[in-house]
Amino acid sequence: MFVFQLNGATYKSQTKFSAGGVGRNIAEGLHKLSNSVSLISAFGRDQNGHFLKMTLPEEATKMSKISDTSPTANCAIILDKHG
1 MFVFQLNGAT YKSQTKFSAG GVGRNIAEGL HKLSNSVSLI SAFGRDQNGH
51 FLKMTLPEEA TKMSKISDTS PTANCAIILD KHG
């Protein structure tokens with residue numbers, strides 16, 4: 001078992017981005033089924049917010065707001081070679 005140590009070392013890794021969040025995922029699924037959905041949410045005016053908005057059609061995010069004061073939430077998961 002690999003023990004992740006916060007010792008200042010640099011570890012080889014890969015970074016992958018994917019759009020998620022329960023509400024966004026449901027909106028995407030409904031859009032694929034009916035092509036008519038509105039996601040009521042907030043995105044930060046940042047790179048993550050732009051990325052999330054781009055994963056849904058423009059008409060699906062018309063009811064969503066852009067926040068100038070709060071960043072878009074994100075989650076980082078660190079997996080070892082065994083997943």
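Oh and the sequence shown: position 61 is 61 in our numbering, straight run, nothing missing.
From the three backbone atoms N, C-alpha and C, an ideal C-beta is built for every residue, glycine too.
Every value quoted in this text rests on a predicted model; they were computed, and no experiment measured them.
Close beta carbons around residue i, own chain, < 7 Å, minus the five adjacent residues each side
i: Leu6; result: none
i: Glu60; result: Correcting the residue type first, residue 60 is Ala in the shown sequence and not Glu. The residues are Ala27, His31, Val37, Ser38, Leu39.
i: Gly23; result: Leu39, Ser41
i: Asp68; result: Arg45
Beta-carbon proximity of residue i to residue j, cut-off 8 Å
i: Phe43; j: Ala19; result: no
Other residues of its chain near residue i: CB distance less than 6 Å, five sequence neighbours each side excluded
i: Asn48; result: Thr72, Asn74
One or two residues paired with residue i in a DSSP bridge
i: Lys65; result: Ala42
Cβ-based neighbour list, residue i, same chain, cut-off 8 Å, excluding 5 preceding and 5 following
i: Ser70; result: Ala42, Gly44
i: Lys62; result: Ser38
Below 8 Å, how does it come out for the region 70 to 81 and the region 55 to 62: are there three or more Cβ pairs, yes or no?
They do not touch, by the three-pair rule.
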